[in-house]
Each structure stands twice: as structure tokens, then as C-alpha cells.
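The next block holds one structure in the form of C-alpha cells; read it before the comments.
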Amino acid sequence: MRIAETTHWRDFSGGIVQAVSSDIKIPNSIPFSLNLLLDKILGEAVSRQGTNIVGAQLSAGTTCQGIFQHLDSDSANNKLFAGFNGIIYDVVAGTASVSGLSTTAKMHFCTFLNTTIMLNGVAGQARSYTAAGGWVSTGGVLDVANVPSGADNILEFKDRLYASVTDRLYYTNTPTSGAVSWSASGSGSLQAEQEDGGGTIEGLSKVPGYLTIFKKRSLKRWNFDSTFPEDLVNIGTNSQESIVRARGKNYFFFNGNFYETAGNYPVKISRPVQRICDGIASSFYVNVNGWSDNTDIYWAVGTVTIDFDRGFTETYTNCCLRYNIDSQIWVLLRYAHNFRALGQYISSNDTLLVGGDENGQILQLNTLNTDYNGNAIVWILQSPEFDFKSREKKKTISEKIYVHSDVTSGAELQARLDYKNWESIGSLKDVVSEVFISPLKANVFEFRITDSITGEQIKLRGMDFPNVEVHDTA
């Protein structure tokens, strides 16, 4: 029996939703996509923009240890800094500002009293920067010479600076005559609860009213009077870099999942991309790093191996997961660069996303339509399963399939029948592609559209199946 009406597949606004039975799948969701934005134009898939270098290569072959922009009260004094190979660079000028630091320790930065401080957890390597005096290891309004030995994870909260050493929190006094001290009256330290198995402090952040203390396997909050909650929250974080502040909440990574918290018990937000999260290499957990513009959150997650069941896996390098706070849509992005630190760069009136890679470079994201050095952007859109409401019976799709898209001439249309291998069944033109096919017979059908681009962004609207026949037997 031929299905009388054309079957349409349109609208991807539900985003990626994985590891859910096709019988109860969320309408408008898809199981997988790569390098496509699903909330830029609601109902369509649009390829991401590319990357371009900021300044020039700073230290060939070395991994970014940290990135931060010093924002001065006089914007003419703003500076974008990045650490590579134990050196803090002025990124735009391309010059070394500080040298002789640890070549492996991550660099963490904070600006307070118009001064930027850098800690890396190594005794004697704290530094502070002002536009007038440059980088110093002694003096300055942040009392950099007296930072507790081995302190890391620097943060400002309620007019004090905080830093951690193993499982203890240290803080300065509030400013006196425009300066703070790590040893004067009003400074002090706090022993974060030494509950069994909580581990050392891995990161600090804040939400309205509280400093949040992320240990290896637990979370505390502090309001300068006491710690909360007193009962154990057995979710922590693997890295300071994964903790992102946005809209009064903390978003962070822990042992293969992403969470949000306003200081209370964290809520898991990454269930829709469970297969991707499960595929993040555990060796990269300590390197997951993120940034947010208060609309989208980006997390660099390294190499991901996705298990699609039945022994079918795919591996993608240099991956980022992007989460839209409003729509709660996740997408997987893959770049030509493995980002080890993401951050903000305000250039004139533009707030830009930049990342430091493993080759001594700082790259601006979301610009142009190729990755830096002419690297093409490979994109994939995968359909949900189609059983045409008769999963128990064989169906045949014959004659042709229509694909609706823009700027996709030459893109490949693939099909997978009953969970077997992906096979090419035709190529696209532009706007409306009438793809003539050999008959496809199966119980369950899946489709992919894929290509690479170096020019204009592509848009995908979906597919139509005008000729589907349902057979009487299984």
C-alpha cells in the first residue's frame, strides 16, 4: 500500500536528543549533528562560522595555559593576555610580558582594584599587572608578594580576594587606602569541610550572595559567615576552567556530565547529549574549559568517541559542546584547533569569544566561514528514525527524495537501512534538490546530509518522501 500523502521531515528546533527510544522521541529533535546551529533560525539548521587568528602565532607547538583580558577603567589600557610555555604574552602586540613561569601549570587570572593578578598554584610565581607598572612579583595594591604559598584559583567576592591551597581557602581584608593585604587584620582562611572523599579544592566561583567552592567530589557555598549546605553535595568538578558564570548561576563539568547550580544541589543539564558526554575521553576531564556570553555556553571537550550502538562508533577531534541557556538546545561543534582555554575579548564595542589552542595561537571564534588557515568546516545533519508508523512491516522508498536547503550544491545524501552501514544515495543541488534514488527497502530508515564548506554558511530545511510503499508482510 502506497502512503497517500508525502511524508515531511522539517523543523530541528528540539535540538540534539540522544539515547531515547524512537517510540517516545521528542518532536522536532534529532539524534546527531555536527557543526550546525539549531537555534539560529528556528526550524532550520545553519552551519557555524569559522575561526581566525588574533595577532600572530605566539609559541609554536605549545599548549595554552590560560587566557584573560585585563579590563581597565581606561579602556585604552585594556590588554588581552595568554600563557604559553611559561610565558605570559600580550596577545595583540605579540610580545612576551612575563617569562620563567611553570610551563605546565594552568594560569588563573582575576581583576580587582584596576589590577590583574595571576596565580598558577606554584610557590613564588604569583604576578600582578597594572597599566602603569606592568607585571610585578612584589608590591602593588593586591599584595602579590604575600599571596599564600602554592595558592591557586583566584577570585574576587564581597570586596576581598580569595584563593585556595589544597583544601583551605584564604582571603584578603577589604580595601584599605585602595589596597588589600593577605596578612593584615581582616584577612584570614577557612578550612573547607574535610568530609571523607571530598578531595581538594579544584575551583572557585560565585552566585548572588555566595562564594561557591568546588572540590574534587563535592560542592560548598560560603557567605563569609558559614558554609552551606552542611550535608554533603557529592558533585564537584574536574577543573576550574570548566566552571562558567552566567545569569547568576554556575554551569560546570564533572566526571562526564554538565550541571547548573545557584549554590544549591546541582541539576544535570546534559542528558540530551548523553552519548556525546559518554564519549569524552576521561583523560581530558581535567582540561574541559568553558566560557559564556550569557546566552550560549561553550565547553571545549577534546576528542569524543560516540557509540551509536551495534558496534557503530565515530570519533571526532577538537570538539566543543554549545548550550543555549534560553532554548536548552545542545549542539556539537568540531574545530581545526583543540582549545585549552576559552575567554572573552572586548575589541572596540564587540565582545568576542577567543580560545587558546595547542599550537601557540589565540583564535577568535564565530567569524568568517572557514577555520583559520583555510580549514574547511565539515557538517552533518542526521535524521531521526523513520518507520512510517508501521515498524513491524517492510517499506520501500522509491523514485526520489526531495531535500530543501540553501548553498548545498554537491552535498552528499546518505541512508542507513535497519541499522546497517551508511551508504551514499545521491547528491544535492541547491534550494530544492530532487534526488533520484534506487529503491530503499527496510523496516527502519535513517538519513544523513553531509559536506564541507569554505564559503557561505549553509542552511538545511529538511526532506520530503513522496513515494513510500508499506508492504503487507514484515
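The working numbering numbers the first residue of the sequence shown as 973 and each following residue consecutively.
By construction, the Cβ of each residue, glycine as well, lies at the ideal position given by its N, Cα and C atoms.
Keep in mind it's a predicted model, so treat the numbers as computed, not measured.
Where residue i sits in the DSSP three-state scheme
| i | result |
| --- | --- |
| residue 1028 | coil |
| residue 1212 | helix |
| residue 1296 | strand |
| residue 1135 | strand |
| residue 951 | Nothing about residue 951 can be read from this structure; the chain reaches only from 973 to 1446. |
| residue 1151 | strand |
| residue 1050 | coil |
| residue 1416 | coil |
| residue 1439 | coil |
| residue 1119 | coil |
| residue 1130 | coil |
| residue 1060 | strand |
| residue 1380 | coil |
| residue 1391 | coil |
| residue 1289 | strand |
| residue 1222 | strand |
| residue 1284 | coil |
| residue 1083 | strand |
| residue 1196 | coil |
| residue 1146 | coil |
Contact belief for residue i with residue j at Cβ below 8 angstroms, rounded distance in angstroms
| i | j | result |
| --- | --- | --- |
| residue 1071 | residue 1089 | That pair is no contact at about 18 angstroms. |
| residue 1429 | residue 1341 | 6 angstroms |
| residue 1117 | residue 1111 | 7 angstroms |
| residue 1357 | residue 1136 | Wrong, their Cβ atoms sit about 48 angstroms apart, outside the cutoff. |
| residue 1043 | residue 1083 | 6 angstroms |
| residue 1171 | residue 1188 | 3 angstroms |
| residue 1005 | residue 1278 | Residue 1005 to residue 1278, Cβ: 12 angstroms. No contact. |
Span separating the alpha-carbon of residue i from that of residue j
| i | j | result |
| --- | --- | --- |
| residue 1045 | residue 1436 | 57 angstroms |
| residue 987 | residue 1377 | 18 angstroms |
| residue 1270 | residue 1335 | 14 angstroms |
| residue 1314 | residue 1372 | 45 angstroms |
| residue 1425 | residue 1018 | 12 angstroms |
| residue 1003 | residue 1115 | 52 angstroms |
| residue 1041 | residue 1231 | 26 angstroms |
| residue 1405 | residue 1354 | 17 angstroms |
| residue 1076 | residue 1007 | 31 angstroms |
| residue 1293 | residue 1302 | 7 angstroms |
| residue 1399 | residue 1421 | 9 angstroms |
| residue 1389 | residue 1417 | 5 angstroms |
| residue 1049 | residue 1221 | 30 angstroms |
| residue 1158 | residue 1142 | 11 angstroms |
| residue 1074 | residue 1285 | 38 angstroms |
| residue 1195 | residue 1249 | 33 angstroms |
Any non-hydrogen atom of the ligand MN closer than 7 angstroms to residue i Cβ
| i | result |
| --- | --- |
| residue 1224 | The ligand MN is not among the ligands present in this structure, which contains no ligands whatsoever. |
Taking the runs of the beta strand (DSSP E) that are 3 residues or longer, which of them lie wholly in the segment 1299 to 1364? 1302 to 1306, 1313 to 1319, 1322 to 1328, 1334 to 1339 and 1349 to 1354
Contact between the segment 975 to 986 and the segment 1437 to 1446 (3+ Cβ pairs under 8 angstroms): yes
Would you list, in sequence order, the uninterrupted beta strand (DSSP E) runs of no fewer than 3 residues that lie entirely inside the segment 1233 to 1281? 1261 to 1264 and 1268 to 1279
Run through the segment 992 to 1017 for me and flag every whole beta strand (DSSP E) of 3 or more residues, listed as ranges in chain order. 1004 to 1006
Given 8 angstroms, three or more beta-carbon pairs between the segment 1205 to 1215 and the segment 1223 to 1240: yes
Closer than 8 angstroms is the cut-off here; do at least three beta carbon pairs connect the segment 1400 to 1414 with the segment 1361 to 1375? yes
Determine contact between the segment 1253 to 1261 and the segment 1273 to 1280, defined as no fewer than three beta-carbon pairs at a distance below 8 angstroms. With three or more CB-CB distances shorter than 8 angstroms, the segment 1253 to 1261 counts as touching the segment 1273 to 1280.
Three or more C-beta pairs below 8 angstroms linking the segment 1054 to 1068 and the segment 1022 to 1032: yes
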